């Protein structure tokens, strides 16, 4: 059955919502920002995450979500990590099929963050600290993709 509010991918998966996640980072030395969700939102650590709004491109959602969740508005470069994953999550009592597109956003230097009401703490982490703190496999895969892209750009 066709549902007008779902996105069809390759004719198989119906997506109810597309999200972005973005690792905000600085180079030399590498630090990445992770945020701790408030207990009412499961209380785990994550990169910046949020939904893509109607008629918004994913890269536009990245910049908007970074500003909304951290106050950062001086992004040097947004990088597509070429990693997307799907999962199911209950939102507002409804089981939804979700798709997350992963990005990274480079800024010039570590800075203080203005947290949104979705998060209670933040920290700038080394790669190892982020790897040891993040809970979800997909966050860890996206972090690895970021490290690979940074390493490749150094060798070129």
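Residue numbers (full-length UniProt numbering): 1 to 156. For each residue, glycine too, the CB sits at the ideal point set by N, CA and C. These numbers come from a predicted model, not from an experiment.
Helix, strand or coil at residue i [DSSP, three-state]
i, result
"residue 128", "helix"
"residue 104", "strand"
"residue 119", "strand"
"residue 30", "coil"
"residue 113", "coil"
"residue 1", "Note that residue 1 scores a pLDDT of 42, beneath 50, so its modelled location is shaky; the value from the coordinates is reported in the next line. In this structure, residue 1 counts as coil in the three-state DSSP scheme."
"residue 20", "strand"
"residue 81", "strand"
"residue 72", "coil"
Interface flag, residue i vs chain C, CB-CB below 8 Å
i, result
"residue 152", "Absence of chain C from the displayed structure is noted, only one protein chain being present."
Candidates the options, of which the one nearest residue i by Cα
i, options, result
"residue 16", "130, 54, 124 and 138", "54"
"residue 98", "52, 145 and 46", "52"
"residue 126", "112, 113, 68 and 147", "147"
"residue 136", "29, 18 and 42", "42"
"residue 104", "60, 92 and 94", "60"
"residue 31", "138, 151 and 130", "130"
"residue 117", "69, 20 and 28", "69"
"residue 119", "40, 149 and 72", "40"
Presumed contact (8 Å Cβ cut-off) between residue i and residue j, rounded CB distance
i, j, result
"residue 26", "residue 110", "6 Å"
"residue 24", "residue 101", "No, residue 24 and residue 101 are not in contact; Cβ-Cβ is about 16 Å, not under 8 Å."
"residue 45", "residue 134", "6 Å"
"residue 56", "residue 22", "Not a contact, Cβ separation roughly 14 Å."
Per DSSP, the bridge partner or partners of residue i
i, result
"residue 45", "36"
"residue 87", "98"
"residue 50", "20"
"residue 169", "Residue coverage of the chain in this structure runs from 1 to 156, which leaves residue 169 outside it and unanswerable."
Measuring CB atoms only, is the segment 28-37 touching the segment 78-85, in the sense that at least three cross pairs come out at less than 8 Å?
No: fewer than three Cβ pairs fall under 8 Å.
Mind the definition here: the segment 134-153 touches the segment 80-95 only if three or more C-beta pairs lie below 8 Å; say whether that holds.
Inter-segment contact for the segment 134-153 and the segment 80-95 is present: three or more beta-carbon pairs are separated by less than 8 Å.
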